[in-house]
Amino acid sequence: MSAITVGLLEDEAPQAQMMITWLEEAGYDVVHGSSGEQFLSLVRERRPELLILDWQLPDCEGIDVLQELRTHHDFTGPVVFATAKDSEDDIVRGLVSGADDYLVKPLRRAELLARLSALWRRVAPEKPQAVVQLGEIELDQDNCIARNGGEEVRLTPTEFRLASYVLRNVGKLLSREQLLKEVWGVQAEIDTRTVDMHMSRIRKALQIGPSMGYMIKTVYRHGYRLEKLEHE
Numbered sequence: 100m101s102a103i104t105v106g107l108l109e110d111e112a113p114q115a116q117m118m119i120t121w122l123e124e125a126g127y128d129v130v131h132g133s134s135g136e137q138f139l140s141l142v143r144e145r146r147p148e149l150l151i152l153d154w155q156l157p158d159c160e161g162i163d164v165l166q167e168l169r170t171h172h173d174f175t176g177p178v179v180f181a182t183a184k185d186s187e188d189d190i191v192r193g194l195v196s197g198a199d200d201y202l203v204k205p206l207r208r209a210e211l212l213a214r215l216s217a218l219w220r221r222v223a224p225e226k227p228q229a230v231v232q233l234g235e236i237e238l239d240q241d242n243c244i245a246r247n248g249g250e251e252v253r254l255t256p257t258e259f260r261l262a263s264y265v266l267r268n269v270g271k272l273l274s275r276e277q278l279l280k281e282v283w284g285v286q287a288e289i290d291t292r293t294v295d296m297h298m299s300r301i302r303k304a305l306q307i308g309p310s311m312g313y314m315i316k317t318v319y320r321h322g323y324r325l326e327k328l329e330h331e
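See below:
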């Protein structure tokens with residue numbers, strides 16, 4: 100997995116070097132700016148995924164940089180203030196302005212890294228399953244191969260995407276409109292009967308029925324639900 104890039108805004112050179120060392124030793128890539136203007140340019144060019152901002156800077160305040168990033172640069176990743184400003188009013192102002200966390204200097208290495216890790220876990224995209232499995236059905240996501248009981252089943256790319264989405268959502272009601280959006284990538288330009296035809300095909304091709312303990316049920320006027328059958 101590629102390293103997470105952290106944008107660090109810190110004007111004091113010794114403090115910046117200490118933080119860069121901590122971050123790089125923890126496996127992060129770091130882009131560093133010492134002024135608000137320089138940092139905004141770096142964020143545009145390098146696209147860091149997580150930011151650490153000092154508050155008091157030569158040309159502006161860190162809170163101004165944060166507001167600029169949130170408002171005009173569409174930055175939506177986690178932001179942490181790391182500053183000597185320790186009053187309750189400052190902490191509240193920093194968090195209300197859009198920061199996700201607030202650390203008061205002097206910083207402690209273990210705490211900084213733990214907080215960054217916790218923030219990243221909240222926003223990091225989940226890695227898709229390499230194989231989606233239901234009973235004896237296996238859908239190999241890397242190679243787009245479907246198998247049932249070890250035997251390869253021929254599915255078109257669209258059928259494969261539809262089957263994968265349905266099998267990932269056992270027990271959930273899936274509307275035709277939702278399936279069009281998630282599988283075909285459209286809102287309603289395609290006739291919803293297209294969904295019905297493809298659903299019928301994957302039912303038959305993958306032999307999804309009572310014998311395997313699951314059924315794709317049609318929910319009148321709503322869509323479909325893959326349900327586990329309860330055996331008496």
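Residue numbering for the sequence shown follows my numbering, starting at 100 and increasing by one per position. Ideal Cβ positions, reconstructed from N, Cα and C, are used throughout, including at glycine.
Per DSSP, the unbroken beta strand (DSSP E) holding Ser-274 starts and ends at 272-274. In this structure, Val-252 sits away from Leu-325, with a CB-CB distance that is not shorter than 9 Å. Here Gln-166 is not bridged, per DSSP, to any residue. Separation of the CB atoms of Gly-161 and Asp-173 is rounded to 19 Å, and the pair is thereby denied contact status at 8 Å. Contiguous beta strand (DSSP E) elements confined to the region 145-207 occur at 149-152, 178-182 and 200-203, taking only those with 3 or more residues. Per DSSP, the unbroken alpha helix (DSSP H) holding His-297 starts and ends at 292-305.
According to DSSP, Tyr-323 shares a beta bridge with Leu-273 and Thr-317. Under DSSP, Leu-233 takes part in a beta bridge, and its partners are Ile-236. Contact between the region 200-210 and the region 179-191 is present: 3 or more CB-CB pairs across the two stretches fall below 8 Å. When secondary structure is reduced to three states using DSSP, Leu-108 falls in the strand class.
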